[in-house]
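Numbering (this note's numbering), first residue to last: 552 to 773. To keep things clear, I will list the structure first and then write my remarks on it.
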């Protein structure tokens, strides 16, 4: 479904901002965006000493036309009417996550290759200011989207001071674990790029039962 600007009546009903409160909250919104794009593989990469976050997926990708509206407030592919708003089938925050994320990131970079395209396009926000989408210097090997956040919460020093590498990595691991349990058909991974360590890995499987065994062991599943 294409990204569209919401009608004023829907905007009035929505009236929402995503107030990012933590690293895990940021990742949660990006992961739900990837799930909504029908991704079957989602990789999260963190370098917390540099407040760097990256989420890579193999979803449907974003077309060059839609890339123009990515990160624009009240522009979304997830709901276009009041009826859609009341019957949302998507997990992401109504298309608002990227719009809010650009305001708390020194740099927000979105690279995407849409299904059926051979080209990767890139859009960069610098302290909330957008550049025009352009062909990326680095081409993705297949369809999907990569969202990279640099200097997260650069303008929120008090909130950023609460970030703890150990605690936030563990919170993110638990988050991915809980999402994997209800989405067993998706592979997930979490890498701590600061030390090059894989903190969490989940291989897609056929059922929630098998996912539970993979995550918690067979003894707890019985």
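Here a beta-carbon is modelled for each residue, glycine too, at the ideal position from N, C-alpha and C. These numbers were taken from a predicted model, which means no experiment stands behind them.
At the C-beta level, residue 622 and residue 588 stay beyond 8 Å of one another. Assignment of beta strand (DSSP E) within the segment 671-702, counting only whole runs of 3 or more residues, yields 672-677 in chain order. Sequence-distant partners of residue 605 (beyond 5 residues in either direction) whose C-beta falls short of 6 Å from its own C-beta, in its chain, are 596 and 699. Here residue 655 is buried, its C-beta having at least 16 other C-beta atoms within 10 Å. Under a 10 Å Cβ-count criterion, residue 665 is classified as buried, with 16 or more other Cβ atoms of the shown protein chains found around its own Cβ. Annotated three-state conformation of residue 751 is strand, per DSSP. Rounded to whole angstroms, residue 653 and residue 695 show a C-alpha spacing of 20 Å.
Remark: C-beta atoms of residue 734 and residue 613 do not approach each other more closely than 8 Å. Counting C-beta pairs closer than 8 Å gives three or more between the segment 714-723 and the segment 569-576, which meets the contact rule. Closest in alpha carbon position to residue 674, among 689, 763 and 706, is 689. It is roughly 37 Å from the alpha-carbon of residue 710 to the alpha-carbon of residue 692. Residue 593 sits in a strand when the DSSP states are folded into three classes. For residue 722, the secondary structure class from DSSP, reduced to helix, strand or coil, is helix.
In this structure, the CA atom of residue 686 is about 15 Å from the CA atom of residue 676.
In the DSSP assignment, residue 741 forms a beta bridge with 595 and 751. Exposure of residue 570 is indicated by the presence of fewer than 16 other C-beta atoms within 10 angstroms of its C-beta. Annotation for residue 707: no beta strand (DSSP E) segment contains it, and DSSP assigns it neither H nor E. Rounded to whole angstroms, the separation of the alpha carbons of residue 771 and residue 741 is 23 Å.
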